[in-house]
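What follows is a short report on a single structure.
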Amino acid sequence: MTVLWSSILILIFYVLRKKYKLIDICSVSGVIVLYLFCMMRMAVPVEFPWTKIIFGGALFNRIYYFSCVERKIGNYISVFDLLYLVWCSGTVLILLHYVIQYVKIARCFGEMPVQRNSKAAQIADAIWNGSKRPDILQTVAVKTPCCFGILRKKIIIPDKLYTEEQMRFILLHECSHLKNNDILVKNLINLLCALYWWNPCVYLLNKDLSQSLEIRCDLTAVKELNHQLKGEYLAVVLNESRTADGRKNVQQYAGV
């Protein structure tokens with residue numbers, strides 16, 4: 001039942017995420033609620049007073065007896081223990097892969113030859129209006145603007161000439177990613193996919209995730225712009241996004 005209801009919740013989450021008016025459901029809060037529900041049902045299988053009995057005891061009994069059958073594999077081990085071992089092994093391997101990729105990207109960003117852009121920092125100060133502003137770094141090592149980091153946030157822009165207006169729109173876009181905690185959302189969903197790798201439904205969470213987050217980011221960024229500025233913002237963002245094709249490995253862990 002835990003697997004069933006968790007899968008149903010994931011399907012609802014995916015459908016709501018496709019609706020522009022409900023796209024905020026894919027926020028950090030939405031992902032955390034999904035986590036808590038799945039984990040609570042898995043760890044504490046509580047029953048409620050309004051619980052309805054689903055008839056089918058014969059089928060459930062057969063599944064239970066099959067899972068308890070012991071097979072001779074070295075020592076005797078039950079089917080349930082074998083499946084549990086496969087589940088844990090798969091989760092560890094996938095998490096290890098994610099951690100290695102994240103560390104590689106973080107190290108790559110850390111080793112980039114960067115320079116500070118005082119003008120960009122001033123523009124970001126006016127946009128951020130919050131707690132500690134993310135570091136603004138400029139480097140020839142990237143071809144398109146991106147942001148990275150959950151605790152130590154960074155905005156990285158290519159080392160090329162931008163007009164003040166273009167720089168403002170680019171920083172507005174990247175700041176919106178960071179304010180929406182899109183990087184945290186991506187990594188939480190990566191973790192959830194690693195924990196439930198055997199459930200086909202969890203892969204819907206990653207399907208079109210970057211596109212959904214980009215749409216939400218743009219809606220946040222243009223909220224206070226007039227019609228003309230919205231068009232200019234869109235032109236700048238589309239021009240920069242053309243160079244982001246083929247960077248799925250980075251997009252999985254960073255905001256682009």
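Reading the sequence shown from the start, the letters are residues 1 to 256 in our numbering. Note that CB positions come from ideal geometry on N, CA and C, so glycine has one too.
Would you kindly work out how many angstroms separate the C-alpha atoms of residue i and residue j, rounded to a whole number?
i	j	result
K154	C147	5 Å
S241	W50	51 Å
C88	I215	35 Å
Q166	T91	43 Å
I170	Q228	16 Å
G231	W5	43 Å
C201	A194	12 Å
L184	N190	10 Å
L234	H173	10 Å
N199	Q122	47 Å
L96	L85	16 Å
K223	L83	49 Å
P145	C108	15 Å
V15	V3	18 Å
Rank the options by C-alpha distance to the C-alpha of residue i and give the top, closest one.
i	options	result
A120	Y162, V103, K104 and L85	Y162
Q115	S6, V142 and L195	V142
S131	P145, L151 and T144	L151
L209	D182, F109 and N129	D182
W197	L93, Y65, V79 and I12	L93
K186	H173, L172 and Q211	Q211
V236	E224, R168 and P134	R168
Name the two residues that bound the continuous beta strand (DSSP E) containing residue i.
i	result
L137	D135 to T139
C147	C146 to F148
Ignore the nearest five residues each way along the sequence and tell me which others in residue i's own chain have a CB closer than 8 Å to its CB.
i	result
S266	The question about residue 266 has no answer here: the residues shown for the chain are numbered 1 through 256.
Q138	V114, Q115, R116, N117, A120, I156, I157, P158 and D159
G246	With a pLDDT of 48 at G246, under the threshold of 50, the predicted position of this residue should be treated as unreliable, and no value is reported.
E164	K119 and I123
N81	Inspection of the sequence shows that residue 81 is occupied by Asp rather than by Asn. If we look at D81 and ignore the five residues flanking it on each side, it has no Cβ neighbours.
I127	R168, L171, L172 and C175
What first and last residue would you give for the alpha helix (DSSP H) that runs through residue i?
i	result
K119	S118 to W128
I155	That residue, I155, is in no alpha helix (DSSP H); its beta strand (DSSP E) goes K154 to P158.
N187	D182 to L195
V92	V79 to E111
I203	One detail in the question is off: residue 203 reads as Tyr in this sequence, not Ile. Segment Y203 to N206, the alpha helix (DSSP H) holding Y203.
E164	E164 to K179
Classify residue i: buried if its beta carbon has 16 or more other beta carbons within 10 angstroms, exposed otherwise.
i	result
P113	exposed
Y203	exposed
I10	buried
I100	exposed
I136	buried
I12	exposed
I239	The sequence shown places Asn at residue 239, not Ile. Exposed: under 16 other Cβ atoms inside 10 Å.
N180	buried
Using a beta-carbon distance below 8 Å, is residue i in contact with chain D?
i	result
R116	In the structure shown, chain D cannot be found, because there is only a single protein chain.
Kindly list the residues whose CB is nearer than 6 Å to the CB of residue i, restricted to its own chain and excluding five residues on each side of it in sequence; keep chain order.
i	result
L213	D182
Y98	N190
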